[in-house]
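J.: Just so we're aligned, residue 1 is where the sequence shown starts under the working numbering, counting upward by one.
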Amino acid sequence: MKPPAADAPSPLKKTLTTPLLYFFILGDVLGAGVYVLVGEIAAESGGAVWAPLLAALCLALLTAASYAELVTKYPRAGGASHYATLAYGPFLGFLGGFCMLAAGVVSVAALTRGFGGDYLSEFVTLPVVLVTIVFLAALALLNARGISESTRVNVVATVIEVSGLLLVIGLGAWIVLRGDGDMRRLTDLGTTDEGPVAALLSGAVLAYYSFVGFETSVNVAEETRDPRRSYPRALFGALVTAGVVYILIGLAAAAAVPTGKLAESSGPLLEVVRAAGGVPPELFSAIALVAVANGALLTGIMSSRLAYGMARDGLLPGFLTKVLPGRRTPWAAIATTTALSLLLALTGDVSTLASTLVLLLLVVFFLVNTSLLVLRRDAVPQEHFRAPTPVPVLGAVSCVVLATQIEGEVWLRGLLVLAVGAVLGAVAAARSRRGRRPEDAVRG
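1) I need the straight-line Cα distance from E69 to F385, nearest angstrom please.
2) I'd like to confirm the pairing. Which residues does DSSP put opposite T224 in its beta bridges?
3) Ordered along the chain, which non-local residues of its own chain (more than five positions away) have a Cβ less than 8 Å from that of P227?
4) Are three or more beta carbon pairs between the segment 388 to 400 and the segment 328 to 347 nearer than 8 Å?
5) Taking only the alpha-carbon atoms, compute the straight-line gap between L424 and F365 and give it to the nearest angstrom.
6) Helix or strand or just coil, what does DSSP make of A429?
7) Can you give, in chain order, each stretch of the alpha helix (DSSP H) that sits fully within the segment 309 to 389 and has at least 4 residues?
8) In three-state terms, what does DSSP make of R413?
9) Kindly indicate which residue of R431, L342, T18 and R413 has the alpha-carbon position closest to the one of L130.
10) Spatial neighbours of T259 within its chain, please: C-beta separation below 8 Å, excluding the five flanking residues on both sides.
11) Tell me whether the segment 77 to 95 and the segment 264 to 274 touch, counting them as touching only if at least three CB pairs, one residue from each stretch, are closer than 8 Å.
12) Of all Cβ atoms in chain D, is any one closer than 9 Å to the Cβ of P75?
13) How many Å lie between E223 and S217 at the Cα?
14) Compare the C-alpha of L239 against each of F24, T17 and L16 and name the closest.
15) Going by the CB atoms, is the gap between P392 and F66 shorter than 9 Å?
16) Tell me, to the nearest whole angstrom, how far the beta carbon of T158 is from that of N294; I am working on the premise that it is less than 8 Å.
17) Are the segment 281 to 301 and the segment 96 to 111 touching, with three or more C-beta to C-beta distances below 8 Å?
18) Any chance you could list the alpha helix (DSSP H) runs of at least 4 consecutive residues sitting entirely within the segment 200 to 281, in chain order?
Quick look at the structure:
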């Protein structure tokens, strides 16, 4: 299948610069999860929290390199769905996109419920339904206003998030310097149930969740001014920045707080703040609200652009390709994905679905890495980033290894989602065979 020309005119407005794209990726990676995951990683791996975080960073960089090559080779909205369609056809293209779309919609719903929970109640108590509707409506309006406006809001929110994390790092260092910390915990890898290697892998699965988010930036590549130059710089720069911050957070938290206390806490970073003293807990509640809102905004942007790209490839109804005449943003995709997130947030407990996110993304990442290998035979005239061949191979293998560490319960839930995607993908493939090819949708 011949892909559309990379330089073909796009209906989406190109406004993203390298700094804005860097902050977009960094803001999505530095999400609300880091405020709770440190304790869970400590429970799985012991006091050496930094080790699984470092391992997860290395594994994430493998798949990120595959994304960098594919994005600079085919800079179009649609991401994993588009690449899998080019490599394997509409069935796996739909399945990859469906997994991303399902993960994104559920993630926005979960973050919405999180926004209206304990962090907000530190300041005001409001009905969950009201908070959910107003919160999602505000995000949708900001998303529809324009990618430039959304990413500028993200820059401010990311600075706030990073400032809060840097504060924790500084407080942890202060605790150690005044003699109240214990550096010996930093080499304690393993638990009573698992040895060092098994504990490292178990912790890496949780830590890997901290780094996902970089893949959402693929869906705004078409709105980036010079994606071949900007995307690799922004992607690797943001991932390394997030990795350094996470590793320092792991070092600070483990040295400042006993491992058992860290593992039992639902707010592990707040334990560092309490141990240090001098900083009001309300400050972290405010920072957490910013982190949750920012994560929901960026995930909402990803979901809408992914739905738009899949529709343009003929894998979803053509209605989703409609854009606002002036703003040139995909209003139909934004409205549809927001409505689905609203439905989930108001009527269902999304916590059971949220636990399948890592598994769904591992399926997506496996498809991306293997698609890159298949598409190596497709030559394009323009220059683009090229990852060494062993990188996508190792990226695919890492997805399989991490998937073996996921519990059977999560596998059952994930397989149900995959089954729905497979049925819908078969329908999309049948429609494609009846005469409409994905590339025809670009001209439609």
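Note that CB positions come from ideal geometry on N, CA and C, so glycine has one too.
T.: This is what the structure holds:
1) 5 Å
2) L16
3) V71, T72, P75 and A221
4) no
5) 20 Å
6) helix
7) 331 to 347, 351 to 354 and 357 to 375
8) helix
9) L342
10) A42, G46, G47, R185 and D188
11) Counting C-beta pairs closer than 8 Å gives fewer than three between the segment 77 to 95 and the segment 264 to 274, which falls short of the contact rule.
12) The structure shown has no chain D; it contains just one protein chain.
13) Our two residues, E223 and S217, have alpha carbons roughly 10 Å apart in a direct line.
14) F24
15) Before going on, a small fix: residue 66 reads as Ser here, not Phe. The answer is yes: Cβ separation under 9 Å.
16) 7 Å
17) Taking 8 Å as the limit for Cβ pairs, the verdict is that the segment 96 to 111 does touch the segment 281 to 301.
18) 227 to 256, 259 to 264 and 268 to 276
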